[in-house]
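J.: Heads up, the sequence shown is in our numbering, so the first residue is 137 and it goes up one at a time. Even glycine gets a Cβ: it sits at the ideal position worked out from N, Cα and C. In this text, all values refer to a predicted model and were calculated from it rather than measured experimentally.
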Amino acid sequence: MAEAIGAAASIIGIIGAAFTVIQEIRNARGRVQGTSETLDNVSRHLDAIDDSLNLVHDEERLQTARVELQVKAITDVATELRSFLDNLAARQREKAVSQFFHALKSGDKDDKKLQGILDQLDRARNELGLRISVAQVGLLGNLQDGFRVAFRVLEQTNTRVNKVLGINLALMDIVKNRALQQTGQTGMLVIAQNRPTDEIS
């Protein structure tokens with residue numbers, strides 16, 4: 137129990153750090169001047185990351201070790217983006233004093249670098265979505281005794297995941313696509329159970 141609480145606190149702390157970095161990116165973005173479409177899209181990318189992180193923050197059942205690792209990866213890429221924008225804003229301030237001010241334009245070297253970082257951020261978010269989708273939400277049991285699914289728990293979490301990410305949990309798809317046997321327990325479904333075999337003499 138203490139391990140579970142510690143793990144939840146750990147991922148919540150990492151998500152909090154990610155939110156801080158995202159806010160710093162928004163502030164840095166405000167200091168960068170330019171007409172780049174890539175620059176204009178930074179907020180859209182950050183909104184998508186915010187939504188994914190809020191989902192993990194609010195849904196304790198999604199706070200697995202694999203999801204935590206991916207949240208760390210997102211935070212690392214976000215930190216790189218913040219550093220890039222801070223550096224770009226500082227260079228623009230320095231050049232504003234001279235006559236050679238450089239505003240970010242579509243297709244220039246800085247724009248391509250920014251696009252590369254945003255692509256990394258998208259890939260990291262997509263990987264987070266994949267790791268969320270395979271979370272074993274509501275799955276109880278073991279190989280020997282069989283597995284049961286707390287269907288209402290699975291359904292509630294899946295509804296939220298679908299609303300935010302537009303995907304279903306893999307376990308939900310399995311449950312929907314299999315002929316499952318209702319047990320006597322309310323809201324529980326049997327998905328696999330080993331049956332005793334006759335002994336061979």
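Between which residues of its own chain and D247 is the CB-CB distance below 7 Å, once the five residues before and five after are set aside?
T.: Closer than 7 Å at the Cβ level, and outside the excluded window around D247, lie S172, T174, L240 and K241.
J.: Alpha helix (DSSP H) containing L339: first to last residue?
T.: The question about residue 339 has no answer, for the chain in this structure spans 137 to 337.
J.: Who are the Cβ neighbours of V270 in its own chain at under 7 Å, not counting the five residues just before and after it?
T.: Same-chain partners within the cutoff: A306.
J.: Can you tell me the Cβ-Cβ gap for R162 and L189, rounded? I've got them flagged as a contact below 8 Å.
T.: Actually they are not in contact, since the Cβ atoms of R162 and L189 sit about 14 Å apart, beyond 8 Å.
J.: Enumerate in chain order the residues of its own chain whose CB-to-CB distance from L276 is below 6 Å, with the five nearest sequence positions on each side excluded.
T.: The residues are R284.
J.: Take E204 as the anchor and find which of N313, G170 and R267 has the nearest alpha-carbon.
T.: Ranking the options by Cα distance to E204, first place goes to R267.
J.: To the nearest angstrom, how far is the alpha carbon of A201 from that of K231?
T.: When rounded, the distance between both Cα atoms is 45 Å.
J.: Output the distance between the C-alpha atoms of L290 and V311, rounded to the nearest integer angstrom.
T.: One C-alpha to the other measures close to 10 Å.
J.: Assign Q280 to one of two classes, buried (16 or more other C-beta atoms within 10 Å of its C-beta) or exposed (fewer than that).
T.: Its Cβ having fewer than 16 others within 10 Å, Q280 is exposed.
J.: Cα separation between I151 and N304?
T.: Roughly 22 Å between the two C-alpha positions.
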